[in-house]
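Peer 1:
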Amino acid sequence: MSDLDPDFDPAFSTAVSTLVNAAVDRELAGRRVAPPFDRTGSSGGSGRQPRRLVGWTGPALAAAVAALLLVGSIVAIDHGRGRRSATVAGPAPSVSRSADPDLSEAARAFAAAVAGAREASEVPGVSVGPISESDAARFADSGLWTMPGPAPATPVPGHSYSVTVRYVVGYHTDKDGHSPTDGVTVVSGELRDAAAGSCPPPFLARPGHTYLIDCQVTFRPGAAGSVAFTDRNPDGFTGATFGLSDPAEPSASPSISTSPSPDPNEAARVYAEALAGAPEASAVPGVSDRPAPAQRSTGMGVGFTDATVVNPARGKSYPLTLIYTPGTDDPPLAVLTIRFEDVAAGHCPGPFRGRTGHTYRLQCQVTFRPGTEGRAYYTATGPNGADGVGVALNLP
Amino acid sequence: MDTTAVRLAADRQPDGERGFDALYRAQWWPMLRLAQGLVDDVGSAEDVVQDAFAGLYRHRDRAGLTADPDAAARYLRASVVNGARSALRRRRTVRTWLGSLRPVDQHAPAADEPALRTAGQELARRALAALPARQREVLTLRFLADLSDTEIAEATGMSAGNVRSAASRGMATLRATLRTDDLGGLS
Chain A
5 MSDLDPDFDP AFSTAVSTLV NAAVDRELAG RRVAPPFDRT GSSGGSGRQP RRLVGWTGPA
65 LAAAVAALLL VGSIVAIDHG RGRRSATVAG PAPSVSRSAD PDLSEAARAF AAAVAGAREA
125 SEVPGVSVGP ISESDAARFA DSGLWTMPGP APATPVPGHS YSVTVRYVVG YHTDKDGHSP
185 TDGVTVVSGE LRDAAAGSCP PPFLARPGHT YLIDCQVTFR PGAAGSVAFT DRNPDGFTGA
245 TFGLSDPAEP SASPSISTSP SPDPNEAARV YAEALAGAPE ASAVPGVSDR PAPAQRSTGM
305 GVGFTDATVV NPARGKSYPL TLIYTPGTDD PPLAVLTIRF EDVAAGHCPG PFRGRTGHTY
365 RLQCQVTFRP GTEGRAYYTA TGPNGADGVG VALNLP
Chain B
2 MDTTAVRLAA DRQPDGERGF DALYRAQWWP MLRLAQGLVD DVGSAEDVVQ DAFAGLYRHR
62 DRAGLTADPD AAARYLRASV VNGARSALRR RRTVRTWLGS LRPVDQHAPA ADEPALRTAG
122 QELARRALAA LPARQREVLT LRFLADLSDT EIAEATGMSA GNVRSAASRG MATLRATLRT
182 DDLGGLS
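Protein chains in written order, with our numbering: chain A, 5 to 400; chain B, 2 to 188.
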């Protein structure tokens, strides 16, 4: 104990310790017995190991997918800057890399990315400036990708367009034990599904700055085109993808589907039929219904999973919790359904009635197809048609 | 069975399997408590502990880890601390851009629990959780694992001086946050 601390107050420390211990024991009630240890997921060498469900590991892919859904909208992400970057002198924490081979892999990729990146101010097509006070207050330990200008609605194939994406990087607030230069990451962007064009080469991003990234894109006939940004840190990466136009033909892998019926009466009829066949969420086994957090009550509905499967085993069925929060853009009362895509098999409860202001958690089962990420699509059918959003389910 | 017999029996096990099993049974609960204290989420805590034991299992033949319970415990503690840091970063990512959808009543008290005691526990947990990361880690390791400053330094990768400094600042913040009367009346 802290016998060298002159201000150490044993009585106070004991009181707090007792309360914390009691609280943790209460939170873990019923879990005292160790579950069987899963040797099949833990044997082998020191390389990347297959794991079962790993909670909260999906933000990178989920951010990319969700961003693709929000064309011209915003995606805020965290940068996971709790670790020294490769550009910082001094030893890395000794306990980290030996304990997690996955993180070592990410750290190696990060070091390679840093070696190939330049300072943002030296990169043509990138403008850098200090973060505004209001953004700094909003995005502590996080960031924000936006595409300020409108995407061309009907781009002319062969014509070159300029696209600007803004990236705000908030300050890293966990200063304790870290260097002031902590938090350097590497940002890179690439065009997808485009005839030609380019984005600036990789550059170093630092907390407390705003970056404007200019890309040039020439569209292919019938293709939407997209631009994907990756922000790599020592723990992995986060990403954001922006659709660049409304395609003349459906994209090969749409992450959002909007299908307003050309005939309002037909849409209303479909809605009425769906509603008649959909019970309340509370009556559907495997669905829980809770009030939605206030900050999620506006805008589009948001769907995601609270865990991502890493390296799923072939043929194994995994339990997954899928979460959907209708937004104010959704009808007040819609029929919610979940469907899987790019998986071997999958099942979720539903359909059921979903309301704005609520959050629904669905207990689902999914068997993955080797080498594919698998997706879940949430569809909200309302009186004016159906809207859907999709999320990636695993890291293949 | 005396100590010698135990050692002989363990020596017959390939790859220290039996030693690992014994460690797993003995250390699961303390590591789960530690992880829960660090991440405040049972599912994440179980994942962190599972990963820590998976790492130990992969390295069970190195440096006699499973034959030395103290070394294994040190390894596990460091792995849990490291895993908790990663879990918190991942969770923060999701929370930042999607908002928290965690059940608000996840740790709601049972109906038959004394309300005041539960309130005191919640106060202490929240005050601890609100501390900066390193202070929270240091005090969690002190409170839940009863570690010395040197052991905390080893588990967190910090120097002993930084551990003492973080502990002192953390306790000062807790003292300012929590009223002694409340703690005395509720502990």
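Yeah, the Cβ is synthetic: ideal placement off N, Cα and C, and Gly gets one too.
Opposite A:I217 in the DSSP bridges: which residues?
Peer 2: Answer is A:V130, A:V169, bridged to A:I217.
Peer 1: Name, please, each residue of chain B whose Cβ falls closer than 8 angstroms to the Cβ of A:S166.
Peer 2: Simply none; closest approach about 27 angstroms.
Peer 1: Comparing alpha-carbon positions, which option in A:N237, A:G201, A:P206 lies nearest A:F223?
Peer 2: A:G201
Peer 1: Which residues mark the beginning and the end of the beta strand (DSSP E) in which A:R359 is found?
Peer 2: 356 to 359
Peer 1: Residues of the stretch 125 to 140 of chain B in Cβ contact with chain A at a cutoff of 7 angstroms, in chain order, please.
Peer 2: Cβ contacts with chain A: A125, R126, L129, P133, A134, R135, Q136.
Peer 1: Tell me the DSSP bridge mates of A:I342?
Peer 2: A:Y382
Peer 1: Note down, in chain order, every chain A residue with its Cβ under 7 angstroms from the Cβ of B:E123.
Peer 2: A27
Peer 1: Would you kindly work out how many angstroms separate the C-alpha atoms of A:A27 and B:E123, rounded to a whole number?
Peer 2: 7 angstroms
Peer 1: Given that a residue counts as buried once 16 or more other Cβ atoms are within 10 Å of its Cβ, and exposed if not, what is B:G56?
Peer 2: buried
Peer 1: Can A:T325 and A:R365 be called in contact, C-beta distance under 8 angstroms?
Peer 2: A Cβ-Cβ contact shorter than 8 angstroms links A:T325 with A:R365.
Peer 1: Would you mind telling me which residues of chain B sit closer than 7 angstroms to A:A384, beta carbon to beta carbon, in chain order?
Peer 2: Simply none; closest approach about 17 angstroms.
Peer 1: At what residues does the beta strand (DSSP E) containing A:L208 begin and finish?
Peer 2: 207 to 209
Peer 1: Excluding sequence positions up to five away, which residues of its chain have a Cβ less than 6 angstroms from the Cβ of A:G350?
Peer 2: Cβ neighbours of A:G350 beyond the five flanking positions: F344, V370.
Peer 1: Exposed or buried, what is A:P330 when buried is set at 16 or more other beta-carbons lying within 10 Å of its beta-carbon?
Peer 2: buried
Peer 1: Can you look up A:D293 in the DSSP assignment and give me helix, strand or coil?
Peer 2: For A:D293, the secondary structure class from DSSP, reduced to helix, strand or coil, is strand.
Peer 1: DSSP state of A:I135, grouped into three classes?
Peer 2: The answer is coil: DSSP assigns A:I135 none of H, G, I, E or B.
Peer 1: Do the stretch 138 to 147 of chain B and the stretch 162 to 173 of chain B meet, that is, are 3 or more Cβ pairs less than 8 angstroms apart?
Peer 2: yes
Peer 1: Considering only the beta carbon of each residue, do A:R170 and A:V188 sit closer than 8 angstroms?
Peer 2: no
Peer 1: Whole-angstrom Cβ separation of B:M32 and B:V50, contact assumed at under 8 angstroms?
Peer 2: Distance from B:M32 to B:V50 at the Cβ level is roughly 5 angstroms; contact confirmed, criterion being Cβ atoms closer than 8 angstroms.
Peer 1: Give a yes or no on contact between the stretch 21 to 40 of chain A and the stretch 151 to 158 of chain B, applying the rule of three or more CB pairs nearer than 8 angstroms.
Peer 2: no
Peer 1: Helix, strand or coil: how does DSSP classify B:L175 here?
Peer 2: helix
Peer 1: Identify every residue that forms a DSSP beta bridge with A:C368.
Peer 2: A:L324
Peer 1: Looking at the secondary structure, which residues open and close the alpha helix (DSSP H) in which A:A19 lies?
Peer 2: 14 to 31
Peer 1: Please classify A:D197 as buried or exposed, where buried requires at least 16 other C-beta atoms within 10 Å of its C-beta.
Peer 2: buried
Peer 1: What residues of chain A sit near B:L175, judged by a beta carbon separation below 7 angstroms?
Peer 2: Identification of chain A residues near B:L175 by a Cβ-Cβ cut-off of 7 angstroms yields V20, ordered along the chain.
Peer 1: Around the Cβ of B:T20, are there at least 16 other Cβ atoms within 10 angstroms (buried) or fewer (exposed)?
Peer 2: A small correction: the amino acid at residue 20 of chain B is Gly; Thr does not occupy that position in the sequence shown. Buried.
Peer 1: Can you tell me whether A:E377 is helix, strand or coil according to DSSP?
Peer 2: Three-state result, A:E377: coil.
Peer 1: What is the DSSP secondary structure of A:A349, counted as helix, strand or coil?
Peer 2: strand
Peer 1: Could you give the DSSP three-state label for B:A168: helix, strand or coil?
Peer 2: helix
Peer 1: How about A:C219 and A:V288: do their beta carbons lie closer than 8 angstroms?
Peer 2: no
Peer 1: Kindly indicate the opening and closing residues of the beta strand (DSSP E) around A:S202.
Peer 2: Its beta strand (DSSP E) spans residues 198 to 202.
Peer 1: When burial is assigned at 16 or more other CB atoms within 10 Å of the CB, is A:A103 buried or exposed?
Peer 2: Low confidence applies to A:A103: its pLDDT is 28, below 50, so where it sits in the model is not reliable enough to give any reading.
Peer 1: Let's test the definition: count the other Cβ atoms within 10 Å of the Cβ of A:P225 and tell me whether it reaches 16, buried, or not, exposed.
Peer 2: The residue is exposed, with fewer than 16 neighbouring Cβ atoms inside 10 Å.
Peer 1: Note the first and the last residue of the continuous alpha helix (DSSP H) segment covering B:F144.
Peer 2: 134 to 146
Peer 1: Verify the CB distance criterion: does A:A278 have a CB-CB separation below 8 angstroms to chain B?
Peer 2: no
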